[in-house]
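Asks:
Numbering (the numbering used here), first residue to last: 90 to 202.
1. Counting only the same chain and skipping the five closest in sequence on each side, list residues whose C-beta sits under 6 Å from that of residue 195.
2. Residues in the same chain with beta-carbon distance under 7 Å from residue 146, minus the five sequence neighbours each way, listed in chain order, please.
3. The alpha helix (DSSP H) spanning residue 107 covers which residue range?
4. Could you say which of 126, 129 and 187 lies nearest to residue 166 if we only look at CA atoms?
5. Secondary structure at residue 145, three-state DSSP: helix, strand or coil?
6. Assuming contact is defined by CB atoms lying nearer than 9 Å, are residue 141 and residue 191 in contact in what I supplied?
7. Whose C-alpha, out of 168, 189 and 174, is nearest the C-alpha of residue 180?
8. Out of curiosity, what's the CA-to-CA distance linking residue 158 and residue 197?
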């Protein structure tokens, strides 16, 4: 379950940023996660709730925003929404596909006090 190590890294980064601002508490943590990032969002939320215990983030509201995937076909030069990472282009059936969006894992914002 790599979601626990991801959660610990997120908490470490958020706490570091909060300390830079001399925050007493983090009220909200906002994350962006690509639908094809290979992250189980339920497992990540569970892990985050454990990881924030006894930290500046303990009472923080956790907001997750899922980012839909967008793929680009280099052969016919179109963008499309893939159903999975291994799907060919729906127009020319080429496998020369680049996933331009949907693999993200980003700490978007912190609301501190």
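Glycine included, every Cβ here is placed at the ideal spot set by N, Cα and C.
Replies: Reading it off the structure:
1. 121
2. 100, 103, 104, 115 and 118
3. 92-109
4. Residue 187 is the option with its Cα nearest to residue 166.
5. Coil at residue 145, not helix or strand.
6. no
7. 168
8. 18 Å
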